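Before any comments, here is the structure.
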Amino acid sequence: MNFYYVYILRNSSKNFTYVGYSENLKTRVIAHNSKKVRSTKFYLPLELIHYEAYKNKKDAKRRETYLKTSKGKTTLKTMLIKFYKENL
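Under full-length UniProt numbering, the very last position in the sequence shown is 88; numbers go up by exactly one each time.
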């Protein structure tokens, strides 16, 4: 069974967060950190801090789109605050 992944990459020193989706998470993260993705190549290195797996592309794309909205960014900010509090 194939999964589609919504993922969050972070560069804390540059205060940069990126949300995306992919069918192959490992390959996509490597592409980001190899300067092969135009939107992230100036923010390296990027750390994968969160991902979610979905059974179909439509659900993954819907979640990615939501996380890029104002309300989704608020949700994402809450998730990040919790992540950093637990990992400091």
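By construction, the Cβ of each residue, glycine as well, lies at the ideal position given by its N, Cα and C atoms. If you're wondering where the values come from, they're calculated on a predicted model, not measured in any experiment.
Q) From which residue to which residue does the beta strand (DSSP E) around TYR5 run? A) 4-11
Q.
Restricting to Cα atoms, I'd like to know which of VAL37, TYR51 and GLU52 is closest to PRO45.
A. VAL37
**Q.** LEU48: first and last residue of the uninterrupted alpha helix (DSSP H) it sits in
**A.** Not the alpha helix (DSSP H): LEU48 falls in the beta strand (DSSP E), residues 47-54.
Q. Mind checking whether SER22 and TYR43 have CB atoms under 8 Å apart?
A. no
(Q) Please return the same chain residues whose Cβ sits closer than 7 Å to the Cβ of LEU48, not counting the five positions on each side in sequence. (A) TYR7, LEU9 and VAL29
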